[in-house]
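S.K.: Each number in the working numbering comes from the position in the sequence shown (counting from 1) with 136 added on. Cβ atoms here follow ideal geometry from the backbone N, Cα and C, with glycine treated the same way. For clarity, every value in this text was computed on a predicted model and none was experimentally measured. Here it is, the structure in full.
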Amino acid sequence: MNQLTDILFSEVNITLTVLLILLIVYWIITMIGGLDYDLDVDIEVDADIDFDAGIEGGNLDFEDISNAEVNKDDVIGKKRKPLKKWQIFLIYFNFVGLPFMFTFTFWIFVWWFATTILTTLTGTYENYIGFIIMIAVLIPALFINKILTTPFKGFFKQLNKDGDAPVDFLGRQAIMLSSISEDKLGNAEVKADGNSHSIYVKSLDRKPLPYGSSVLIIKRSADHTHFLVQSYNQ
């Protein structure tokens with residue numbers, strides 16, 4: 137046990153070991169406390185380019201667990217500015233298309249695991265050769281991480297921003313939480329699958345919809361930011 141501790145917290149391995157521990161603590165707190173682990177980082181991606189790795193381009197927004205993907209429709213057939221190198225890097229290695237912290241944690245684990253194993257086998261975890269190994273493993277760890285995380289894309293794509301299966305609100309009854317008319321945007325509460333959800337709404341026919349009134353959700357806006365509703369009388 138003492139030898140294992142000496143290896144994990146040696147001069148070479150201590151940085152990655154401590155970082156991995158912090159990430160584990162972060163995920164434990166997130167799962168237990170329900171903390172919001174979204175990243176408020178906006179990346180403008182403009183390009184007339186299609187990545188053969190199944191990447192889709194558009195405006196990248198590390199908002200949440202499901203929306204950190206690039207939309208292919210925003211790229212194909214439109215003139216766009218070239219991607220910056222760091223944007224290509226993030227997209228290619230799945231830091232976009234998957235939740236950023238998920239991919240980052242995976243990468244650190246792979247980097248830490250490879251460095252620890254190699255420095256242990258070579259007995260270099262306490263000398264400068266170990267540091268050379270750690271730096272040399274960084275890039276291969278990115279490629280290994282890309283291979284390991286790519287299968288998760290299909291899984292996360294099916295989740296909404298709260299990590300649950302998407303809820304179909306269309307055709308459901310909702311209660312207005314604010315008064316709206318014409319193009320004014322407001323809130324409404326809708327119950328689905330035993331849960332209450334607050335959604336943004338606009339009046340479909342631009343007629344006034346007072347607070348507390350019952351409305352029917354007709355369709356979703358083109359930009360997917362709100363729903364169009366109309367008065368509903370049972």
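Within this structure, are the beta carbons of Thr251 and Asn149 separated by less than 8 Å?
M.R.: Numbered from 1 along the sequence shown, position 115 holds the residue referred to as residue 251. Numbered from 1 along the sequence shown, position 13 holds the residue referred to as residue 149. Against a cut-off of 8 Å, the Cβ pair of Asn149 and Thr251 comes out as a contact.
S.K.: Hey, how far is the Cα of Tyr264 from the Cα of Phe225?
M.R.: Taking the first residue of the sequence shown as 1, we reach residue 264 at position 128. Taking the first residue of the sequence shown as 1, we reach residue 225 at position 89. Going by the C-alpha atoms only, they are around 29 Å apart.
S.K.: Consult DSSP for Phe249 and reduce its assignment to one of helix, strand or coil.
M.R.: Residue 249 sits at position 113 when you count from the first residue of the sequence shown. Reduced to three states, the DSSP call for Phe249 is helix.
S.K.: Within the continuous alpha helix (DSSP H) that includes Ser270, where are the two ends?
M.R.: Within the sequence shown, residue 270 is the residue found at index 134, counting from 1. Note that residue 270 is Met in the sequence shown here, rather than Ser. Its alpha helix (DSSP H) spans residues Tyr264 to Thr285.
S.K.: Which class does Gly322 belong to by DSSP, given the choice of helix, strand or coil?
M.R.: The sequence position of residue 322 within the sequence shown is 186, counting from 1. Reduced to three states, the DSSP call for Gly322 is strand.
S.K.: Which residues in the same chain as Phe84 place their Cβ atom closer than 7 Å to its Cβ, once the five residues preceding and following it in sequence are excluded?
M.R.: This structure leaves residue 84 out entirely; the chain is present only between 137 and 370.
S.K.: To the nearest angstrom, report how far apart Thr166 and Phe238 are at their CA atoms.
M.R.: In the sequence shown, counting from the first residue as 1, residue 166 sits at position 30. In the sequence shown, counting from the first residue as 1, residue 238 sits at position 102. Cα to Cα, Thr166 sits roughly 12 Å from Phe238.
S.K.: Please classify Leu257: does DSSP put it in a helix, a strand, or coil?
M.R.: For the purposes of this step, residue 257 is identified with residue 121 of the sequence shown, where counting begins at 1. Helix at Leu257.
S.K.: What is the DSSP secondary structure of Tyr336, reduced to helix, strand or coil?
M.R.: As a position in the sequence shown, residue 336 is number 200, starting the count at 1. Residue state, collapsed to three classes: strand.
S.K.: Starting from Ile311, trace the alpha helix (DSSP H) both ways and give me its first and last residue.
M.R.: Against the sequence shown, residue 311 aligns to sequence position 175. It is not in any alpha helix (DSSP H) - Ile311 instead sits in the beta strand (DSSP E) that spans Gln309 to Met312.
S.K.: What residues match up with Leu352 in a beta bridge as DSSP calls it?
M.R.: As a first step, residue 352 must be located in the sequence shown, where it is residue number 216. Paired residues: Gln309 and Gln366.
S.K.: Which residues mark the beginning and the end of the alpha helix (DSSP H) in which Asp142 is found?
M.R.: The count along the sequence shown starts at 1 and reaches residue 142 at position 6. Start and end: Asn138 to Leu144.
S.K.: Give the DSSP-derived three-state secondary structure of Lys220 in the structure shown.
M.R.: On the sequence shown, position 84 is the one that residue 220 refers to. Reduced to three states, the DSSP call for Lys220 is coil.
S.K.: What is the DSSP secondary structure of Val154, reduced to helix, strand or coil?
M.R.: Along the sequence shown, read from residue 1 onward, the residue named residue 154 stands at position 18. Three-state DSSP puts Val154 in a helix.
S.K.: Round the Cβ separation of Ile271 and Leu254 to the nearest angstrom and send it over; I've been treating them as touching at under 8 Å.
M.R.: One-based indexing of the sequence shown puts residue 271 at position 135. One-based indexing of the sequence shown puts residue 254 at position 118. With a Cβ gap of about 12 Å, Ile271 and Leu254 do not count as contacting.
S.K.: Rounded to whole angstroms, what's the CA-CA distance from Gly322 to Phe236? Just pull it up for me.
M.R.: As a working note, residue 322 is residue 186 in the sequence shown. As a working note, residue 236 is residue 100 in the sequence shown. So the alpha carbons of these two residues sit roughly 31 Å apart.
S.K.: Could you pull the DSSP bridge partners for Leu159 from this structure?
M.R.: Position 23 of the sequence shown, counted from the first residue, corresponds to residue 159. Partner(s): none; Leu159 has no beta bridge.
S.K.: So the candidates are Tyr336, Glu262 and Ala328; which of them puts its Cα closest to the Cα of Thr141?
M.R.: Counting from one through the sequence shown, the residue named residue 141 turns up at place 5. Residue Glu262 is the option with its Cα nearest to Thr141.
S.K.: Between the Cα of Phe229 and the Cα atoms of Ser317, Asn331, Phe267 and Lys289, which residue gives the shortest distance?
M.R.: Residue mapping note: residue 229 aligns to position 93 of the sequence shown, counting from 1. Considering only alpha carbons, the answer is Lys289.
S.K.: Distance, Cα to Cα, Lys327 vs Ile280?
M.R.: Numbered from its first residue, the sequence shown carries residue 327 at position 191. Numbered from its first residue, the sequence shown carries residue 280 at position 144. Computed Cα separation, rounded: 43 Å.
S.K.: When DSSP labels each residue in this structure, what does Lys343 get in the three-state scheme?
M.R.: Within the sequence shown, residue 343 is the residue found at index 207, counting from 1. Of the three classes helix, strand and coil, the one that applies to Lys343 here is coil, per DSSP.
S.K.: Below 8 Å on the Cβ atoms is my contact criterion, and I expect Ile244 with Leu155 to pass it. Report the Cβ-Cβ distance as a whole number of Å.
M.R.: The residue given as residue 244 occupies position 108 in the sequence shown. The residue given as residue 155 occupies position 19 in the sequence shown. That belief holds up - the Cβ atoms of Ile244 and Leu155 are roughly 6 Å apart, short of 8 Å.
S.K.: Relative to the C-alpha of Ile316, which residue among Gly330, Phe291, Gln139 and Lys343 is closest?
M.R.: Numbered from 1 along the sequence shown, position 180 holds the residue referred to as residue 316. Comparing Cα positions, the closest option is Lys343.
S.K.: Does the beta-carbon of Leu257 have 16 or more other beta-carbons within 10 angstroms, so that it is buried, or is it exposed?
M.R.: Mapped onto the sequence shown, residue 257 falls at position 121. When all chains shown are included, Leu257 counts as exposed.
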